[in-house]
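Participant: Counting from 13, one number per residue, gives the positions in the sequence shown under the numbering used here.
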Amino acid sequence: MKKAKKNVILTVIHGVGYRLNQKMQQPEIIQTNFGSVSVSFFPYDEMNSIAFISRHQGKRHVPPHKINYKALIKAAEIIEAPVLAVNSIGIMRPIPLSENFKGTDTHVKPKTFLSHPFFIPNDFIDLTNRAGTFFDQKTVHADMTDPYCTDIRSLLRSALSDCRLSYSEGIYLCTEGPRFETKAEIQMFSTFADVVGMTGVPEVILAKEKGLCYASLCVLTNAAAGLSGESITADEVKVSVSNNQNQIFEIISKLSEILSQRKKETGKKKKKNSQCKCRSAVKGGKL
Ligand SMILES: [Zn+2]
13 MKKAKKNVIL TVIHGVGYRL NQKMQQPEII QTNFGSVSVS FFPYDEMNSI
63 AFISRHQGKR HVPPHKINYK ALIKAAEIIE APVLAVNSIG IMRPIPLSEN
113 FKGTDTHVKP KTFLSHPFFI PNDFIDLTNR AGTFFDQKTV HADMTDPYCT
163 DIRSLLRSAL SDCRLSYSEG IYLCTEGPRF ETKAEIQMFS TFADVVGMTG
213 VPEVILAKEK GLCYASLCVL TNAAAGLSGE SITADEVKVS VSNNQNQIFE
263 IISKLSEILS QRKKETGKKK KKNSQCKCRS AVKGGKL
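1. Using 7 angstroms as the cut-off, classify the Cβ of residue 164 as near or not near the heavy atoms of ligand 1, replying yes or no.
2. Do you know how far the Cα of residue 21 is from the Cα of residue 127?
3. Residue range of the beta strand (DSSP E) that residue 23 falls in?
4. Pull up the DSSP beta-bridge partners for residue 55, would you.
5. Helix, strand or coil: how does DSSP classify residue 97 here?
6. Would you say the beta carbon of residue 175 comes nearer than 7 angstroms to a heavy atom of ligand 1?
7. What separation, rounded to the nearest whole angstrom, lies between the Cα atoms of residue 145 and residue 255?
8. Which of the three DSSP states, helix, strand or coil, is assigned to residue 226?
9. Touch check for the stretch 225-232 and the stretch 91-111: three-plus C-beta pairs under 8 angstroms?
10. Between the Cα of residue 176 and those of 138, 260, 38, spot the shortest distance and give me the residue it belongs to.
11. Along the chain, where does the beta strand (DSSP E) containing residue 136 start, and where does it finish?
12. Using only the alpha-carbon positions, how far apart do residue 74 and residue 160 sit?
13. Beta-carbon within less than 7 angstroms of residue 266's beta-carbon, same chain only, minus the 5 sequence neighbours each way: which residues are those?
14. Could you tell me if residue 191 is buried or exposed, where buried requires 16 or more neighbouring beta carbons within 10 angstroms of its beta carbon?
15. Give the single residue among 106, 56, 109, 143 whose Cα lies nearest to the Cα of residue 46.
16. Can residue 213 and residue 136 be called in contact, C-beta distance under 8 angstroms?
17. Can you tell me whether residue 16 is helix, strand or coil according to DSSP?
18. On the CB-based measure, 16 or more other CB atoms within 10 Å of its CB, does residue 196 come out buried or exposed?
19. Tell me, to the nearest whole angstrom, how far the beta carbon of residue 163 is from that of residue 288; I am working on the premise that it is less than 8 angstroms.
20. Do you know whose CA, among 219, 211, 157, 129, lies nearest residue 181's CA?
21. With 16 other CB atoms within 10 Å as the buried threshold, where does residue 26 fall?
22. Is it the case that the CB of residue 230 approaches a heavy atom of ligand 1 more closely than 7 angstroms?
23. Excluding sequence positions up to five away, which residues of its chain have a Cβ less than 8 angstroms from the Cβ of residue 168?
24. So, is residue 178 buried or exposed, given that buried needs 16 or more other C-beta atoms within 10 angstroms?
25. Please list the terminal residues of the continuous beta strand (DSSP E) segment that includes residue 44.
26. What's the gap between the Cα of residue 295 and the Cα of residue 51?
27. Just to confirm my understanding: we take residue 272, look at its own chain, exclude 5 residues before and 5 after, and list those with CB closer than 8 angstroms. What are they?
28. Taking all protein chains shown into account, decide if residue 115 is buried (16 or more other Cβ within 10 angstroms of its Cβ) or exposed.
29. Where do the ends of the alpha helix (DSSP H) carrying residue 197 lie?
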């Protein structure tokens, strides 16, 4: 696949319950050293397209701990566009809402997450047992001071505000899964993180190792164990993402519009105008 042909402005790596837009082109296969990845392209405008990669590739839903994260990120590297990950999460504690929200709520809470489903992680805690590096043969320490691209996060905030959508920001904790967490675990986790999910790590780490600009738009799909008085089900997660998918698509379109606008203004060689440090994340970490 040649990038020039597709002119991809944004790569979206998404999860469950995501019904692809009707204008989506037939999926193409990108071969990587780690396996093949199916990618669908959406013609955003005459010049640009958006690449969509399903995290759970294939007809059968690949469970979070079995996802081929290296192949997904390698494919994103080949596509050569900033990455927006879409992840489902559970809320563990009240989180302050964005300033653009003019209603009476000040926080999104485990009982009100349906009204404020969008969350942008600015940091993460990794409690998985997954192989989270491309550097198995040599020692390279990637800088994780800002694990999620500061530039794309800022554009994502603008996109959400332009769409008149509230959001919250904070710390994402990733568990191994596939089981949901226990009540005792949530009680402990909620003292040091805001939300919990199973698919954010090692994707974000691998993206950083590749120097990709990578941010995540998380969708609150449930209250974490013990916070709603009811059991958590996979259907609940799927239905919640499904209900929000028009808005998710709207946010992706707006973000693409902002990126496309900026590309027009700065030209294709915007490397020197880059406002983040993603490209140099492993520069000082090689031994
Ligand atoms: Zn970046």
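Where a beta carbon is used, it is the ideal one built from N, C-alpha and C, also for glycine.
Facilitator: Based on what the coordinates show:
1. By one-based count along the sequence shown, residue 164 stands at place 152. Yes, Cβ of residue 164 sits closer than 7 angstroms to a heavy atom of ligand 1.
2. Along the sequence shown, one-based indexing puts residue 127 at 115. Along the sequence shown, one-based indexing puts residue 21 at 9. Taking the straight line joining both Cα atoms gives about 30 angstroms.
3. Taking the first residue of the sequence shown as 1, we reach residue 23 at position 11. Counting along the chain, the beta strand (DSSP E) containing residue 23 begins and ends at 20-26.
4. Locating residue 55 in the sequence shown gives position 43, counting from the first residue. DSSP output for residue 55 lists 61 as bridge partner(s).
5. Translated into positions along the sequence shown, residue 97 becomes position 85. DSSP places residue 97 in strand when its eight states are reduced to three.
6. Stepping through the sequence shown from its first residue, residue 175 is reached at position 163. No, the beta carbon of residue 175 sits no closer than 7 angstroms to any heavy atom of ligand 1.
7. By 1-based counting over the sequence shown, the position of residue 145 is 133. By 1-based counting over the sequence shown, the position of residue 255 is 243. Using only the alpha carbons, I get a separation of about 34 angstroms.
8. For this step, residue 226 is matched to residue 214 along the sequence shown. Note: residue 226 maps to strand in three-state DSSP.
9. yes
10. The count along the sequence shown starts at 1 and reaches residue 176 at position 164. With distances taken between Cα atoms, residue 176 lies closest to 260.
11. On the sequence shown, position 124 is the one that residue 136 refers to. 130-139 is the span of the beta strand (DSSP E), which, as asked, contains residue 136.
12. Here residue 74 refers to the residue found at position 62 of the sequence shown. Here residue 160 refers to the residue found at position 148 of the sequence shown. Each residue's alpha carbon lies about 24 angstroms from the other.
13. By one-based count along the sequence shown, residue 266 stands at place 254. Contacts found: 171, 174, 175.
14. The residue given as residue 191 occupies position 179 in the sequence shown. It counts as exposed.
15. Locating residue 46 in the sequence shown gives position 34, where the first residue counts as 1. Measuring from the Cα of residue 46, the nearest candidate turns out to be 143.
16. In the sequence shown, counting from the first residue as 1, residue 213 sits at position 201. In the sequence shown, counting from the first residue as 1, residue 136 sits at position 124. By the CB criterion at 8 angstroms, residue 213 and residue 136 fall inside the cutoff.
17. For the purposes of this step, residue 16 is taken as residue 4 along the sequence shown, with counting starting at 1. Summary for residue 16: the model assigns pLDDT 42, below 50, so the residue's position carries little reliability, and this model does not support an answer.
18. As a working mapping, residue 196 is identified with position 184 in the sequence shown. Exposed, since its Cβ has fewer than 16 Cβ neighbours within 10 Å.
19. Within the sequence shown, the letter at position 151 stands for residue 163. Within the sequence shown, the letter at position 276 stands for residue 288. That belief holds up - the Cβ atoms of residue 163 and residue 288 are roughly 4 angstroms apart, short of 8 angstroms.
20. Counting from 1 along the sequence shown, the entry for residue 181 is found at position 169. Comparing Cα-Cα distances from residue 181 to each of 219, 211, 157, 129, the minimum goes to 129.
21. As a first step, residue 26 is located in the sequence shown; it is residue number 14 there, counting from the start. It is buried - the Cβ of residue 26 has at least 16 other Cβ atoms within 10 Å.
22. As a position in the sequence shown, residue 230 is number 218, starting the count at 1. No, Cβ of residue 230 sits at least 7 angstroms from all heavy atoms of ligand 1.
23. For the purposes of this step, residue 168 is taken as the residue at position 156 of the sequence shown. Cβ neighbours of residue 168 beyond the five flanking positions: 96, 132, 227, 229, 263, 267.
24. Numbered from its first residue, the sequence shown carries residue 178 at position 166. It counts as buried.
25. Within the sequence shown, numbered from 1, the residue matching residue 44 stands at position 32. Residues 40-44.
26. Along the sequence shown, one-based indexing puts residue 295 at 283. Along the sequence shown, one-based indexing puts residue 51 at 39. Straight-line Cα distance between these residues: approximately 30 angstroms.
27. Taking the first residue of the sequence shown as 1, we reach residue 272 at position 260. So the qualifying residues of the chain are 21, 56, 57, 59, 60.
28. Taking the sequence shown and counting its residues from 1, one reaches residue 115 at position 103. By the beta-carbon neighbour count (other beta carbons within 10 angstroms, threshold 16), residue 115 is exposed.
29. Locating residue 197 in the sequence shown gives position 185, counting from the first residue. Taken as a continuous stretch (DSSP letters only), the alpha helix (DSSP H) holding residue 197 covers 195-201.
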